[in-house]
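Take a look at the structure set out below.
Protein chains in written order, with this note's numbering: chain A, 142 to 356; chain B, 142 to 356.
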């Protein structure tokens, strides 16, 4: 059954791999599944046809036969449940891996997205300069806790899982901020994620569509 | 096997049911499972013993035999997978219900939590008054989309699911802001959730521990 996902016609990050389709591509590569990509423009994302797929007018979406999903976390979990490679088979280890998926998206990513909002949406506001350190310190508080838990382990809970896939993806957003570099074990953790052949293939596939020289 | 969760020794909301243990209590009530509650103080949440259960020093946690979980979304999903009542059995409907769980926590709740941060953590800052309308408009943008998708349906995807449990819980945070009242179908949706006997039991159980007259 053909799998089709949606991605930005042109990613705002110019191919750095931070758009959320990269997370879904990575999950599909880890589980060895081919997929099609349908590109949508910002205008198309707000049109009725796309809103039928994604009520919040975003990417990625996932279609497989008569199943249509949105929300990156749900899509990655669905992929992980269908094929081996992203979740342990043992019940308790599986539940813990899913816990890290939620932790990445609900506990670690929100303050990181606040930083993007502070810089992009509120960058020109009079409070921007004074408020930024507060936002960055909220990120640091989370990363201190994450760093303490990871310690010198390779992955968050024994073997690489969908939880690591999402956590690495979330932390990648921080590279240009310099905050990630304050945590050597998290920096090494992200590098381990990026070094995975499946990530490399996912990154290259999105880059081919988004790099300044493309299209 | 005994299920034990953690909750605030004294919830900051004084028993309004907005602390996240209410979501887990609700899921356990929907699936008919008894549970114990271990109360932790704010000081205890940051101590080594609790951090071993929850690396980010929060509540709730979930213990069942030798399984220990954190992250409300992951706990609710685990409960929903073990017993009937919160997820459809049909594969595609099940995947869509899980999509709404992630949508509640990753797409709808973050701007709502930003409002709490703006009011509580940044309420005394010089930019607070001027910035608040921006934060509220980001919430409205999401609620417009959610309201359009819900339409006049009772629940987000056919029967009540764990997706509705989390979405109703997230929207309940907005009641005192007045924003929820701008969306009559979402107001009615939240009221349907609150009217469920399982929610009523969960709410009463947390209220008994948190009401000003308790303890």
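From the three backbone atoms N, C-alpha and C, an ideal C-beta is built for every residue, glycine too.
The beta-carbon of residue 341 of chain B is placed no less than 8 angstroms from the nearest beta-carbon of chain A.
In the structure shown, residue 327 of chain B adopts helical secondary structure according to DSSP, grouped into three states.
For residue 156 of chain B and residue 214 of chain B, the gap between their C-alpha atoms comes out near 21 angstroms. For residue 265 of chain B, no Cβ of chain A is located within less than 8 angstroms of the residue's own Cβ.
For residue 257 of chain B, no chain A residue has a Cβ inside 9 angstroms of its Cβ, as the nearest lies near 12 angstroms away.
Between residue 286 of chain B and chain A, the shortest Cβ-Cβ separation is below 8 angstroms. The beta-carbon distance between residue 299 of chain A and residue 234 of chain A, rounded to whole angstroms, is 7 angstroms. This is short enough to meet the 8 angstroms contact definition. Out of A:174, A:237, A:245 and A:170, the CA that lies nearest to the CA of residue 314 of chain A is found in A:245.
Excluding its 5 nearest sequence neighbours in each direction, residue 290 of chain A has C-beta neighbours in its own chain below 8 angstroms: 297, listed in chain order. Setting aside the 5 residues that flank it on each side, residue 163 of chain A is surrounded in the same chain by 343 and 347, each with a C-beta closer than 6 angstroms to its C-beta; the list follows chain order. Per DSSP, residue 203 of chain B is one residue of the beta strand (DSSP E) stretching across 202-205. Going by beta carbons, residue 202 of chain B and residue 210 of chain B fall inside the 8 angstroms limit. At a cut-off of 8 angstroms between C-beta atoms, residue 239 of chain B counts as an interface residue with respect to chain A. Close CB contacts of residue 279 of chain B within its chain, under the 8 angstroms cut and outside five residues either way in sequence, are with 252 and 255 (chain order). The distance from the Cβ of residue 239 of chain A to that of residue 218 of chain A is about 7 angstroms, consistent with a contact at the 8 angstroms cut-off. With fewer than 16 other beta carbons inside 10 angstroms of its own, residue 182 of chain A counts as exposed. Look at the region 145-185 of chain A and you find these whole runs of alpha helix (DSSP H), each 4 residues long or longer: 162-171. A Cβ-Cβ separation of about 6 angstroms places residue 143 of chain B in contact with residue 177 of chain B under the 8 angstroms criterion. Sequence-distant partners of residue 191 of chain B (beyond 5 residues in either direction) whose C-beta falls short of 7 angstroms from its own C-beta, in its chain, are 181, 185 and 198.
Contact annotation: the region 147-156 of chain B does not touch the region 318-329 of chain B, with fewer than three C-beta pairs closer than 8 angstroms. According to DSSP, residue 209 of chain A shares a beta bridge with A:204. Shown in chain order are the members of the region 206-220 of chain B whose Cβ falls below 9 angstroms from a Cβ of chain A: 206, 207, 208, 209, 210, 211, 212, 213, 214, 215, 216, 218 and 219. DSSP places residue 142 of chain A outside any alpha helix (DSSP H), giving it a letter other than H or E. For residue 292 of chain B, no Cβ of chain A is located within less than 8 angstroms of the residue's own Cβ. Cβ-Cβ separation between residue 166 of chain A and residue 200 of chain A: approximately 12 angstroms, too far for a contact (criterion under 8 angstroms).
It is roughly 7 angstroms from the alpha-carbon of residue 316 of chain A to the alpha-carbon of residue 322 of chain A.
For residue 195 of chain B, the three-state secondary structure derived from DSSP is coil.
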